[in-house]
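A quick write-up on the structure given underneath.
Protein chains in written order, with my numbering: chain X, 3 to 191; chain P, 4 to 654.
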């Protein structure tokens, strides 16, 4: 259980998510890593170049910082501390509660991520250089995919979790495993 | 005066006879192999195996090609102004073309040579000589731009240049024309004994490649034609071919062709270096320009140097020897082991090859055949390794494949001949179209040639391409030399005269090629790193515009308060940090070239408006989807007006 609680800390080392944009003019695709507390270039100057592309369709610049970069790290640290306390002080039932809490927290994070993406892709400058409409006449949005791959005009956008997210997932899963192991032991005894 | 017999006419006559023989004997030996196209085809998006840096001769520049495709990638401006890249037109690069004779917009670029480490090409720099106003330039292969040019004093027709020693300790520049040293007003017909030939050793800083003249060897008044360094066992020596050992000053085609043998001068530069390091030689007043381009300030500067160290060879015993070599030898080529020194006696029917080992033995035994102005002459027979007998007519240059074979060009019989080192037997010959000068095997001047291709560089093409009026292209021809027989694969047109070339495996160079200049490292005096620094400043009638450019606008793009009579400096910084997104700029009526500015770079052009009005400027490089919108206006008012200086973007 202690391991389960500690694994999410690797989010401070490895990126959570990566968005990659491919286009014919970019033989080396543009890419952005999303860390728990930062946006980072996949290759030098990528975010600057993504912003330059996006200004044609009126998208906002990717900000240097968002409030989540403060909230998420605190959340992870707190849940880890709770997890560690549970690991040494509490019985296996608490392992399950920790698991449920982590699933809820992560889901909240993902929903937040989706909302940010949606806002980023749809809140367009009315004076945008180029305006595109969907076949039904509505204004075309440029939201990157939440998970998976999607074609946006000349770009193919990929959005997938990275190592940090896998460690988070593994930690959460281990919480559940710890619960079952703990229950097994209790039943035997 | 004795009767003049013209040996060139004789040889030309002979060549006609030989040519007609050859046609019968060899039929269409020059026909292409059936799969030649396949072997030079580099599919779209694929990269060539080699870079070839082919000099432009009278164009003054250096062209970059790929081999085996023969595709042209870039023409690097070196000694000639280039309006396309603003070389010699913008304020940053004008100092690069400064000399003791003032600003010179042109030269004749001949012999590129790639820097070496331990006798192998390291792909850091290319050095190249300017013949007419003697200079050596250095091209940095991380940016493929000329970053340093040093003028050579006491030199004229800087032809036996710019060849590097095994660890790029020196780049060497020998004079072709001997001249009074120092220059002075004197009768031309007093040439003999009074004119001198300077051989210049320029040290190269191992870290940044900075060039500095270490010493000049002041030799007798011969013409020093070509040179090459020793390598391997002969590292520490340098060899120069000479002609006009007759010391004639007029009608040289005849008067410099009288001696049965001229010389290869062998110079033990390590010995002279030691002499100089111990305070030897004398500092002589001089005046020559040293021009350096700084990558961080994106700006060139020119410094006049006022003295040079000269060395009299007679004062350094054992440093210089003369090797008799038949008939005005042209190319002076050293094989990859450093043992053989090939003298390509252009008026001789034979190729003379000297042995370094035998030369050392002869020097050891002090077996001299007299001297020339105090420099010992060795016996021809004592130093001769062998002779390639009657391989062709007019041998000019030899290169090596690293497998014991040599390849020599023959100007008059217009062919490349392959022969074996040591046995001196001719293995194969292939015609060139036409009148080949130099040839190049990538790495052919190093210990480790890449013996896969040879490129022959031809002066004349006549009917080989679609005609373009009286002036037609010169050309390069690519042969596969991986087999026993050479195979002609391709010919391709060149920029200017493809005088000589240097080739290198692309893998050594391409990973080091920069993609952008980092904006954070931009230290240009008038550079800006963000839009916050954009401004316009007036200083008397000088106006400095600190302008930025990024897709797809200039900042500022509206400027008012400029007056007729102002000297307006556009200092323009490209704020892009993406690969291959340059922008250009020019304004109506600018008496200079456009600027072509790479990401992170700052360049400056000057505009002196002559009429009131509102004058547009625009981006001259198709940068983006909104390229046509990348434009702006400058309002010019009469000289006596008092419009405030204002600037804006998007207001």
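Quick reminder that beta carbons are idealized off the backbone N, C-alpha and C, glycines included.
List, in chain order, every chain P residue whose beta-carbon is nearer than 9 Å to that of residue i.
{"i": "residue 58 (chain X)", "result": "554, 555, 627, 628 and 629"}
{"i": "residue 156 (chain X)", "result": "By Cβ distance, chain P contributes nothing, its closest Cβ being about 10 Å from residue 156 (chain X), past 9 Å."}
{"i": "residue 131 (chain X)", "result": "555, 628, 629 and 632"}
Let me make sure I understand the geometry here. Which of the options has the alpha-carbon closest to that of residue i?
{"i": "residue 517 (chain P)", "options": "P:437, P:144, P:401 and P:89", "result": "P:144"}
{"i": "residue 213 (chain P)", "options": "P:562, P:87, P:152 and P:249", "result": "P:152"}
{"i": "residue 8 (chain X)", "options": "X:104, X:94, X:51 and X:135", "result": "X:104"}
{"i": "residue 301 (chain P)", "options": "P:560, P:447, P:94 and P:240", "result": "P:94"}
{"i": "residue 383 (chain P)", "options": "P:392, P:377, P:371 and P:412", "result": "P:371"}
{"i": "residue 451 (chain P)", "options": "P:154, P:78 and P:169", "result": "P:169"}
{"i": "residue 42 (chain P)", "options": "P:463, P:616, P:492 and P:416", "result": "P:492"}
{"i": "residue 81 (chain X)", "options": "X:64, X:106, X:61 and X:66", "result": "X:106"}
{"i": "residue 381 (chain P)", "options": "P:617, P:368 and P:390", "result": "P:368"}
{"i": "residue 141 (chain X)", "options": "X:113, X:98 and X:59", "result": "X:59"}
{"i": "residue 186 (chain P)", "options": "P:108, P:97 and P:198", "result": "P:198"}
{"i": "residue 184 (chain P)", "options": "P:207, P:172 and P:155", "result": "P:155"}
{"i": "residue 98 (chain P)", "options": "P:60, P:181, P:293 and P:253", "result": "P:293"}
{"i": "residue 442 (chain P)", "options": "P:476, P:407 and P:503", "result": "P:503"}
{"i": "residue 1 (chain P)", "options": "P:61, P:571, P:427 and P:422", "result": "In the structure displayed, chain P extends from 4 to 654; residue 1 (chain P) sits before or after that span and is not available."}
Examine chain P for any beta-carbon lying closer than 9 Å to the beta-carbon of residue i, and answer yes or no.
{"i": "residue 95 (chain X)", "result": "no"}
{"i": "residue 31 (chain X)", "result": "no"}
{"i": "residue 113 (chain X)", "result": "no"}
{"i": "residue 47 (chain X)", "result": "yes"}
{"i": "residue 23 (chain X)", "result": "no"}
{"i": "residue 54 (chain X)", "result": "yes"}
{"i": "residue 44 (chain X)", "result": "no"}
{"i": "residue 11 (chain X)", "result": "no"}
List, in chain order, every chain P residue whose beta-carbon is nearer than 7 Å to that of residue i.
{"i": "residue 50 (chain X)", "result": "580"}
Just how far apart, CA to CA, sit residue i and residue j?
{"i": "residue 10 (chain X)", "j": "residue 124 (chain P)", "result": "51 Å"}
{"i": "residue 537 (chain P)", "j": "residue 608 (chain P)", "result": "17 Å"}
{"i": "residue 633 (chain P)", "j": "residue 444 (chain P)", "result": "46 Å"}
{"i": "residue 412 (chain P)", "j": "residue 258 (chain P)", "result": "25 Å"}
{"i": "residue 131 (chain P)", "j": "residue 32 (chain X)", "result": "39 Å"}
{"i": "residue 205 (chain P)", "j": "residue 176 (chain P)", "result": "8 Å"}
{"i": "residue 366 (chain P)", "j": "residue 359 (chain P)", "result": "11 Å"}
{"i": "residue 429 (chain P)", "j": "residue 350 (chain P)", "result": "19 Å"}
{"i": "residue 435 (chain P)", "j": "residue 399 (chain P)", "result": "13 Å"}
{"i": "residue 221 (chain P)", "j": "residue 192 (chain P)", "result": "20 Å"}
{"i": "residue 629 (chain P)", "j": "residue 57 (chain X)", "result": "12 Å"}
{"i": "residue 563 (chain P)", "j": "residue 587 (chain P)", "result": "22 Å"}
{"i": "residue 439 (chain P)", "j": "residue 57 (chain P)", "result": "14 Å"}
{"i": "residue 559 (chain P)", "j": "residue 524 (chain P)", "result": "23 Å"}
{"i": "residue 25 (chain P)", "j": "residue 432 (chain P)", "result": "Annotation note: pLDDT 42 at residue 25 (chain P) (below 50); position unreliable, coordinate value reported separately. If I take the Cα positions, the gap works out to 11 Å."}
{"i": "residue 158 (chain P)", "j": "residue 310 (chain P)", "result": "14 Å"}
{"i": "residue 89 (chain P)", "j": "residue 135 (chain P)", "result": "22 Å"}
{"i": "residue 14 (chain P)", "j": "residue 590 (chain P)", "result": "Reliability of the predicted coordinates at residue 14 (chain P) is poor, the pLDDT of 48 falling under 50, and the value obtained from them is presented with this limitation in mind. Using only the alpha carbons, I get a separation of about 58 Å."}
{"i": "residue 186 (chain X)", "j": "residue 177 (chain X)", "result": "14 Å"}
{"i": "residue 122 (chain X)", "j": "residue 170 (chain X)", "result": "25 Å"}
{"i": "residue 460 (chain P)", "j": "residue 357 (chain P)", "result": "26 Å"}
{"i": "residue 321 (chain P)", "j": "residue 375 (chain P)", "result": "14 Å"}
{"i": "residue 282 (chain P)", "j": "residue 379 (chain P)", "result": "24 Å"}
{"i": "residue 580 (chain P)", "j": "residue 625 (chain P)", "result": "17 Å"}
{"i": "residue 267 (chain P)", "j": "residue 385 (chain P)", "result": "14 Å"}
{"i": "residue 582 (chain P)", "j": "residue 65 (chain P)", "result": "23 Å"}
{"i": "residue 114 (chain X)", "j": "residue 12 (chain X)", "result": "21 Å"}
{"i": "residue 78 (chain P)", "j": "residue 139 (chain X)", "result": "50 Å"}
{"i": "residue 130 (chain X)", "j": "residue 554 (chain P)", "result": "14 Å"}
{"i": "residue 418 (chain P)", "j": "residue 458 (chain P)", "result": "12 Å"}
Of all the CB atoms in chain X, is at least one closer than 9 Å to the CB of residue i?
{"i": "residue 117 (chain P)", "result": "no"}
{"i": "residue 519 (chain P)", "result": "yes"}
Contained alpha helix (DSSP H) runs [length at least 4] in the stretch 34-85 of chain X, N- to C-terminal order: 48-56
Residue ranges of each beta strand (DSSP E) within the stretch 460-502 of chain P, 3 or longer: 478-483 and 490-496
Those runs of the beta strand (DSSP E) which lie wholly inside the stretch 293-377 of chain P and span at least 3 residues: 302-314, 323-329, 332-337, 343-348, 354-358 and 371-375
Beta strand (DSSP E) runs wholly inside the stretch 141-172 of chain P, at least 3 long, in chain order: 148-154 and 163-167
Secondary structure, beta strand (DSSP E): runs of 3+ residues fully inside the stretch 139-169 of chain X: 150-154 and 157-163
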